[in-house]
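The block underneath contains the structure these notes are about, expressed in structure tokens.
Chains as they are written, first to last, in the working numbering: chain A, 650 to 1002; chain B, 650 to 1002.
Next up, the structure:
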């Protein structure tokens, strides 16, 4: 696999007696610290404290954390060992109780352990490590496929706007929204990325700007409120964001501010794309209006920078996500191809029933 | 003059031997500290360090600062005294070299001193104090007239969005964009104000939220990126912002993010109003495309909260203003009446040739 200078958010280093290396995202962009995780508690804390974030990256961390949690178990009977696996999985699941990928990855690991049948405990441990690595590799391959699908959209000289961090830090590598940019850069095309800082938690300025600049891609940070001004100047040729969840009709939930960007893009005739793996499509939800919007702690706005930036007794709105209707989305960039135009029929054609 | 519980950003307390009381806006919203300014240097520093901000408030501070600077001059010959007036004015003008209201107020004070002819130095000092107080009173009256013009737009139960701080803190009292809200509140109408926090310097969350809540008005802070989401929910009935400069055709320059809000308002069929005194209309400029946009220091984005929030070597965009075209402005709220529809002819009709 070629190295594009992209960051490795999380990886297993060495054999079963090795460790998990995680970039501590809470310290970016001021410091690049790679945590060497040797045990279950360190991984639990890293997930809990958002040192590792992004749904796919959390899933990988949990799977690898499970291996750390059981690798030193004695070569006892398999039933006792499977009990330890369940305990470690339950413990890890408590680190971020709303993260769907966390449960998905832990379930997959539990099933893998059980599917080993009458194997020895040692064999199951090695199989679990292989499974955790496989989860990471599958995610990396999926990101690469999304990148290949979206790369064609990036012409030489383009100005691309993005929001939040749907990049390598949130996934195994390359990311979703950023994957087309990494591949276009590798192909030698020159372009400029504008990343909205993404209040309240500034994933755009802290993380996207950091990982793109690490890869040598020309990146510029702007406040969320400057997007309209920049589009009016004609400097934005396309927008690509990620998505947390896509409904059957193509409506996409993503980090708060995405919807506003899509409206601005529409008003300025700038094509607006959403990059998401097929696993983010929730076909059981007919439209975006049925996606629940999580409200986060108002202190992310009031004290988001460790300083009081609004009166302590004034109420704050803090929705984590908004929903962009399909009619504002030019195309959905998936690992199975480009969904364009965005509608239920076309989604079924590209992703399968 | 009725007291609505609105803040007094700046006022002269007592007679010629009194002092200037200034709310230190750099400490809001964490602390309300009223500075007791007794001399020229304290006022100079307060303007320089943005303790007092907002074009009208700066002009008032400079006029009052000039009085502080010359009030202890001996009863010498008038020519020498006028030289001291000029020296004090020149010194004050150096505090914020791009603030137009600063020069305007200082020139008015200089002219007043000279217009006193053969009066004694003591008489000129008293006349200067009266002139400084008059500048403040005129601004307060103008804000009140803007408030009366815009008050009718605020219906009971309305949701009103605003941006930045065009309020009492930026002016003598009541402000421009906030003046209609203060008067509607005084008239007993109930409504809800949503203030965008206004990155990079957060005047919306730090100042607007503070002064409205001091007056007992229901105010809620949101990140700039949440405006579209809130409009889509149908919670915003109108938007009112201020303006730094309005061109002959009605295009309005205001704090960065205003243009994006106007586009969002248009897409959601929410009326968008701009409140500005006739003195902010620059009829020599035919359209907004001719208004120069100041670029500010990128560190307002990168280190805006005293912490590194973007990689230190990544470029940042930091335009201070953007321009909202007249076609997106539902009406201009001025002290001489409502300009609606917004076009050159109607501006001439309401404001005079």
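The beta-carbon is built from N, C-alpha and C at its ideal position, and this holds for glycine as well.
Which of helix, strand or coil DSSP assigns to residue i
{"i": "residue 810(A)", "result": "strand"}
{"i": "residue 804(B)", "result": "coil"}
{"i": "residue 660(A)", "result": "strand"}
{"i": "residue 926(A)", "result": "coil"}
{"i": "residue 898(A)", "result": "coil"}
{"i": "residue 943(A)", "result": "coil"}
{"i": "residue 964(B)", "result": "strand"}
{"i": "residue 980(A)", "result": "strand"}
{"i": "residue 834(B)", "result": "helix"}
{"i": "residue 782(A)", "result": "helix"}
{"i": "residue 1001(B)", "result": "coil"}
{"i": "residue 986(B)", "result": "strand"}
{"i": "residue 973(B)", "result": "strand"}
{"i": "residue 921(B)", "result": "strand"}
{"i": "residue 688(B)", "result": "coil"}
{"i": "residue 825(A)", "result": "coil"}
{"i": "residue 760(A)", "result": "helix"}
Buried versus exposed, by CB contacts within 10 Å (16 or more), residue i
{"i": "residue 914(B)", "result": "buried"}
{"i": "residue 728(B)", "result": "exposed"}
{"i": "residue 756(A)", "result": "exposed"}
{"i": "residue 850(B)", "result": "buried"}
{"i": "residue 888(B)", "result": "buried"}
{"i": "residue 894(B)", "result": "buried"}
{"i": "residue 663(B)", "result": "exposed"}
{"i": "residue 650(B)", "result": "Residue placement at residue 650(B) cannot be trusted, given a pLDDT of 37 that sits under 50; the coordinates are not used to answer."}
{"i": "residue 761(A)", "result": "buried"}
{"i": "residue 861(B)", "result": "buried"}
{"i": "residue 788(A)", "result": "buried"}
{"i": "residue 839(B)", "result": "exposed"}
{"i": "residue 697(B)", "result": "exposed"}
{"i": "residue 681(A)", "result": "exposed"}
{"i": "residue 836(B)", "result": "exposed"}
{"i": "residue 956(A)", "result": "exposed"}
{"i": "residue 747(A)", "result": "exposed"}
{"i": "residue 783(A)", "result": "exposed"}
Length of the line joining the Cα atoms of residue i and residue j
{"i": "residue 865(A)", "j": "residue 963(B)", "result": "11 angstroms"}
{"i": "residue 803(B)", "j": "residue 863(B)", "result": "20 angstroms"}
{"i": "residue 880(B)", "j": "residue 919(B)", "result": "8 angstroms"}
{"i": "residue 882(A)", "j": "residue 826(B)", "result": "27 angstroms"}
{"i": "residue 845(B)", "j": "residue 872(B)", "result": "6 angstroms"}
{"i": "residue 669(B)", "j": "residue 661(B)", "result": "5 angstroms"}
{"i": "residue 779(A)", "j": "residue 685(A)", "result": "19 angstroms"}
{"i": "residue 690(A)", "j": "residue 737(A)", "result": "10 angstroms"}
{"i": "residue 671(B)", "j": "residue 806(A)", "result": "51 angstroms"}
{"i": "residue 657(A)", "j": "residue 815(A)", "result": "14 angstroms"}
{"i": "residue 998(A)", "j": "residue 989(A)", "result": "10 angstroms"}
{"i": "residue 652(A)", "j": "residue 841(A)", "result": "Here the model assigns residue 652(A) a pLDDT of 48, short of 50, so the residue's position is not dependable and the matter cannot be decided."}
{"i": "residue 855(A)", "j": "residue 985(B)", "result": "47 angstroms"}
{"i": "residue 745(A)", "j": "residue 904(B)", "result": "39 angstroms"}
{"i": "residue 665(A)", "j": "residue 775(A)", "result": "7 angstroms"}
{"i": "residue 706(A)", "j": "residue 924(A)", "result": "17 angstroms"}
Proximity of residue i and residue j at Cβ, strictly below 8 angstroms
{"i": "residue 896(A)", "j": "residue 978(A)", "result": "no"}
{"i": "residue 795(A)", "j": "residue 926(A)", "result": "yes"}
{"i": "residue 910(A)", "j": "residue 876(A)", "result": "yes"}
{"i": "residue 958(B)", "j": "residue 965(A)", "result": "no"}
{"i": "residue 733(B)", "j": "residue 719(B)", "result": "yes"}
{"i": "residue 692(B)", "j": "residue 679(B)", "result": "no"}
{"i": "residue 981(B)", "j": "residue 899(B)", "result": "yes"}
{"i": "residue 1005(A)", "j": "residue 922(A)", "result": "This structure does not reach residue 1005(A), given that chain A is present from 650 up to 1002, and the question cannot be answered."}
{"i": "residue 991(B)", "j": "residue 969(B)", "result": "no"}
{"i": "residue 874(B)", "j": "residue 906(A)", "result": "yes"}
{"i": "residue 813(A)", "j": "residue 847(A)", "result": "yes"}
{"i": "residue 996(A)", "j": "residue 930(A)", "result": "yes"}
{"i": "residue 947(A)", "j": "residue 916(B)", "result": "no"}
{"i": "residue 725(B)", "j": "residue 770(B)", "result": "yes"}
{"i": "residue 752(B)", "j": "residue 764(B)", "result": "no"}
{"i": "residue 960(A)", "j": "residue 858(B)", "result": "yes"}
{"i": "residue 994(A)", "j": "residue 798(A)", "result": "no"}
Residue i: CB within 7 angstroms of a non-hydrogen atom of the ligand GTP
{"i": "residue 843(A)", "result": "The ligand GTP is absent from the structure shown, which contains no ligand whatsoever."}
Per-residue contacts from residue i into chain E (C-beta, under 9 angstroms)
{"i": "residue 713(A)", "result": "Of the chains in the structure shown, none is chain E; the protein chains are A and B."}
The region 668 to 686 of chain B touching the region 702 to 717 of chain B, judged by at least three CB pairs closer than 8 angstroms: yes
Sufficient close CB pairs (3 or more, under 8 angstroms) joining the region 828 to 841 of chain A to the region 708 to 725 of chain A: no
Touch test, the region 937 to 947 of chain A against the region 818 to 827 of chain A, Cβ-Cβ under 8 angstroms, three pairs minimum: no
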